[in-house]
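Chains as they are written, first to last, in my numbering: chain Y, 1 to 506; chain E, 507 to 811.
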């Protein structure tokens with residue numbers, strides 16, 4: 001017996017040593033962020049909430065991936081910290097009166113990081129590659145385009161299927177590829193180590209962990225502030241908050257629950273900016289009771305948006321008056337958020353003849369801040385005015401599929417955050433007859449087509465504001481709160497948040 | 507012995523088939539990945555085209571048979587999001603998970619044995635019960651909570667160790683400490699109760715009567731017998747550990763297999779989930795097979811039956 005025990009212990013010890021040796025052989029990634037003072041700081045580490053599936057812009061359009069692309073690639077135009085469109089690769093752009101032909105003039109000093117110049121050919125190649133490939137996710141952003149052509153080395157002309165007023169914003173989502181390199185390497189290889197013309201270059205992608213970038217010293221525009229940028233994938237919110245406090249990460253998106261911890265921390269501070277995201281209550285306007293505008297109005301009046309913003313969301317949101325946020329093109333500041341009015345809500349419920357039957361409130365169980373608590377609050381507010389509500393939390397992908405197919409039983413909670421910071425996409429999707437929503441209003445449909453074909457910005461903003469006013473009057477939706485992007489940031493770090501949620505370092 | 511091995515192998519094959527079926531059903535029960543992949547503006551035609559290329563428009567039975575046929579050839583499909591071999595992606599992450607699981611297991615096992623020997627040879631009742639209390643308390647705290655507590659103390663407050671990632675040897679300390687303390691508690695309690703049972707057995711009394719020293723009785727006579735039942739548990743537990751690191755990998759943002767599977771579930775990336783579950787099941791089955799065989803070697807009674 002005794003020798004067996006000894007052999008057993010020896011075996012365990014050998015396995016252990018082997019494991020340690022094995023892990024010793026493995027190379028470590030990123031190398032951790034330095035804790036040097038800001039003037040000498042060369043490396044900054046930021047958290048991405050998810051990992052890209054590929055770094056080929058043609059095939060991944062998720063927000064964390066777009067965030068990498070905005071650091072590594074150029075787009076024809078960009079969105080600045082105030083939400084306005086600014087020149088990118090294109091120095092100027094014009095359109096015809098019908099808004100169907102758009103001409104972009106490219107700068108001549110932009111270079112990919114292999115030193116080859118960015119030409120009109122590269123732009124045409126990028127768009128055509130995405131449009132021709134039915135598997136391209138990026139192609140989803142190009143549904144308005146009929147064709148495009150390079151008329152010379154620095155001019156690209158787009159022909160659209162119909163008038164599309166916010167086209168100069170839409171192109172901010174399309175990263176321009178180097179034609180020669182992309183063709184030579186193929187999509188798969190390019191997707192592992194892409195080459196762009198942006199302020200940073202990709203050094204290394206450690207799967208499951210991080211992407212390391214280094215500054216592009218020859219960038220034509222605002223150069224990178226840091227020599228190295230590490231984008232680390234940290235999906236868990238608590239983990240993000242902890243690692244900002246411990247100094248492992250310098251910039252991380254926070255949830256309402258972590259805000260107070262970070263603001264009392266010695267190592268990190270809270271930095272926020274208004275976001276493009278509005279959380280709203282939607283109605284299946286074809287369901288019983290909810291087809292009555294007065295009943296919908298009662299739902300909207302029952303909810304205390306101030307209390308939700310201040311208490312539940314720890315001040316990270318503010319009451320919303322419309323389906324688009326203040327940073328989004330088309331926002332009308334004159335519309336006021338609905339104030340809670342329990343008496344009026346009760347009166348409207350009574351007047352509707354409501355018989356107390358239960359109304360379902362669907363919501364996604366993840367991806368929105370404090371969503372479970374928010375759903376419960378809405379349920380309680382509605383019960384106070386006499387509306388019986390049953391909660392129906394759905395797993396996110398199931399919820400999202402139901403949203404696209406307009407398959408909710410009654411009420412639902414969701415959010416819209418248009419990356420191009422323009423009102424058209426959310427309003428088209430939520431309000432157009434035959435869209436994914438439940439609204440069918442000829443007046444809104446007419447305003448939507450007007451707005452798309454309106455070349456004068458002021459007139460277009462007025463069309464959009466009129467739509468928002470109809471939504472408020474008929475309570476097609478009950479916008480709840482406008483979100484902020486709230487970050488935990490290492491104290492003293494030189495960094496500005498953006499209203500589209502992108503973490504940029506130039 | 508041949509029949510013994512043969513029956514265990516057959517059982518292994520059946521288990522893997524069951525796991526494959528289970529993984530397939532589980533992954534398809536909810537959700538369609540296509541809408542999550544495409545931008546909001548994507549048209550219905552684009553959605554249909556994507557569903558077609560992914561084979562999701564075929565009847566579920568056809569999908570299942572194709573899946574089994576491919577699996578039999580060792581092909582578990584390509585990741586929907588990443589377009590690369592799912593099994594390859596899963597294997598790429600395996601070492602990161604193994605190093606956590608095995609290091610925690612070995613440390614936990616060795617320390618538990620050492621502590622038991624100390625407690626038994628000194629015969630100090632207070633030391634013994636203190637150890638058992640600590641072990642019970644540690645087992646009562648879920649790994650998620652314990653991990654976060656360690657992060658709050660050693661990373662956030664003291665700033666001594668990294669809170670996340672796998673960037674240096676220091677990164678191993680907190681996750682391994684979280685898991686290894688749990689392992690120590692588990693084996694400590696098992697070994698001690700094993701010792702309790704054998705203390706009054708004949709061979710121990712004989713050894714004592716012979717005049718053998720306390721240390722000799724504990725190490726040479728009692729320990730080998732006490733270890734036997736622990737081996738079975740250890741085998742199962744090593745498999746559990748492989749899956750159990752999922753929680754740790756989330757807390758410490760460890761780039762391992764578990765986090766990849768969780769991400770796969772969120773993204774509706776069926777092939778990743780299937781490949782991950784199959785790989786963990788394979789490891790579990792193999793470890794148990796080894797334990798069964800080891801047991802047959804160590805305990806003649808198993809061989810005879």
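Backbone N, C-alpha and C fix where the C-beta goes; we use that ideal spot for every residue, glycine too. Computed from a predicted structure; not experimentally measured.
Using three-state DSSP, classify residue i as helix, strand or coil.
| i | result |
| --- | --- |
| residue 461/Y | helix |
| residue 515/Y | Absent from the structure is residue 515/Y, since the part of chain Y shown begins at 1 and ends at 506. |
| residue 132/Y | helix |
| residue 276/Y | strand |
| residue 215/Y | strand |
| residue 506/Y | coil |
| residue 818/E | Chain E is shown from 507 up to 811; residue 818/E falls before or after that span and cannot be answered. |
| residue 226/Y | coil |
| residue 94/Y | strand |
| residue 145/Y | strand |
| residue 444/Y | helix |
| residue 293/Y | helix |
| residue 403/Y | helix |
| residue 635/E | helix |
| residue 79/Y | strand |
| residue 509/E | helix |
| residue 606/E | helix |
| residue 248/Y | coil |
| residue 238/Y | helix |
| residue 37/Y | Bear in mind that a pLDDT of 48 at residue 37/Y, under 50, signals an unreliable position, so the number given afterwards is only what the model happens to contain. Note: residue 37/Y maps to coil in three-state DSSP. |
| residue 451/Y | helix |
Can you tell me the Cα-Cα spacing of residue i and residue j, whole angstroms?
| i | j | result |
| --- | --- | --- |
| residue 563/E | residue 540/E | 11 Å |
| residue 655/E | residue 231/Y | 26 Å |
| residue 319/Y | residue 112/Y | 44 Å |
| residue 514/E | residue 741/E | 15 Å |
| residue 650/E | residue 670/E | 14 Å |
| residue 295/Y | residue 553/E | 35 Å |
| residue 473/Y | residue 297/Y | 8 Å |
| residue 23/Y | residue 371/Y | For residue 23/Y, the pLDDT reaches just 49, beneath the cut-off of 50, and the residue's location in the model is therefore unreliable, leaving the point undetermined. |
| residue 56/Y | residue 132/Y | 15 Å |
| residue 467/Y | residue 410/Y | 23 Å |
| residue 63/Y | residue 559/E | 24 Å |
| residue 245/Y | residue 679/E | 18 Å |
| residue 498/Y | residue 283/Y | 31 Å |
| residue 492/Y | residue 243/Y | 17 Å |
| residue 734/E | residue 59/Y | 54 Å |
| residue 67/Y | residue 285/Y | 36 Å |
| residue 332/Y | residue 773/E | 36 Å |
| residue 390/Y | residue 406/Y | 19 Å |
| residue 417/Y | residue 326/Y | 12 Å |
| residue 214/Y | residue 534/E | 41 Å |
| residue 580/E | residue 154/Y | 51 Å |
| residue 750/E | residue 520/E | 24 Å |
Check whether chain B comes within 8 Å of residue i, counting only Cβ atoms and requiring the distance to be less than that.
| i | result |
| --- | --- |
| residue 134/Y | The structure shown contains no chain B; the protein chains it does contain are Y and E. |
Can you round the beta-carbon distance between residue i and residue j to whole angstroms, since I take them to be within the 8 Å contact cut?
| i | j | result |
| --- | --- | --- |
| residue 785/E | residue 596/E | 5 Å |
| residue 475/Y | residue 300/Y | 5 Å |
| residue 378/Y | residue 413/Y | 7 Å |
| residue 43/Y | residue 227/Y | 7 Å |
| residue 585/E | residue 778/E | 5 Å |
| residue 254/Y | residue 240/Y | 7 Å |
Task: In chain order, each alpha helix (DSSP H) run of at least 4 residues that lies wholly inside the segment 668-751 of chain E - done: 676-704 and 708-716
Task: Residues within the segment 403-422 of chain Y neighbouring chain E, beta-carbon criterion of under 8 Å - done: 404
Open item on the list: Extract the residue ranges of the alpha helix (DSSP H) inside the segment 556-595 of chain E, only unbroken runs of 4 or more that lie entirely within it.
Closed with: 566-578
TODO: Anything in the segment 647-658 of chain E with a Cβ closer than 9 Å to a Cβ of chain Y? List those residues in chain order, please.
DONE: 654, 657 and 658
TODO: Please name the residues in the segment 592-603 of chain E whose beta-carbon is closer than 7 Å to at least one beta-carbon of chain Y, in chain order.
DONE: 598, 599 and 601
TODO: Please name the residues in the segment 150-170 of chain Y whose beta-carbon is closer than 8 Å to at least one beta-carbon of chain E, in chain order.
DONE: none
- [ ] Could you name the residues of the segment 680-700 of chain E whose beta carbon sits closer than 9 Å to any beta carbon of chain Y, in the order they occur along the chain?
- [x] none
TODO: Note down, in chain order, all residues in the segment 236-250 of chain Y with a beta-carbon under 8 Å from any beta-carbon belonging to chain E.
DONE: 236, 238, 239, 242, 243, 245, 246, 247, 248 and 249
- [ ] With 8 Å as the C-beta to C-beta threshold (strictly closer), list the residues of the segment 203-233 of chain Y near chain E in chain order.
- [x] 206, 207, 208, 209, 210, 232 and 233
- [ ] Please name the residues in the segment 546-569 of chain E whose beta-carbon is closer than 7 Å to at least one beta-carbon of chain Y, in chain order.
- [x] 546, 547, 548, 549, 552, 555, 556 and 559
TODO: Could you list the residues in the segment 121-145 of chain Y with a C-beta less than 8 Å from some C-beta on chain E, going in chain order?
DONE: 134, 135, 137, 138, 139, 140, 141 and 143
- [ ] Can you check the segment 387-435 of chain Y for any alpha helix (DSSP H) of at least 4 residues that lies completely inside it and give the ranges in chain order?
- [x] 396-404 and 424-431
Open item on the list: As an exercise, report each continuous alpha helix (DSSP H) stretch of at least 4 residues that is fully enclosed by the segment 276-349 of chain Y, in chain order.
Closed with: 293-302
TODO: Would you list, in chain order, the members of the segment 740-762 of chain E that have their beta-carbon closer than 7 Å to a beta-carbon of chain Y?
DONE: 756, 757, 759 and 761
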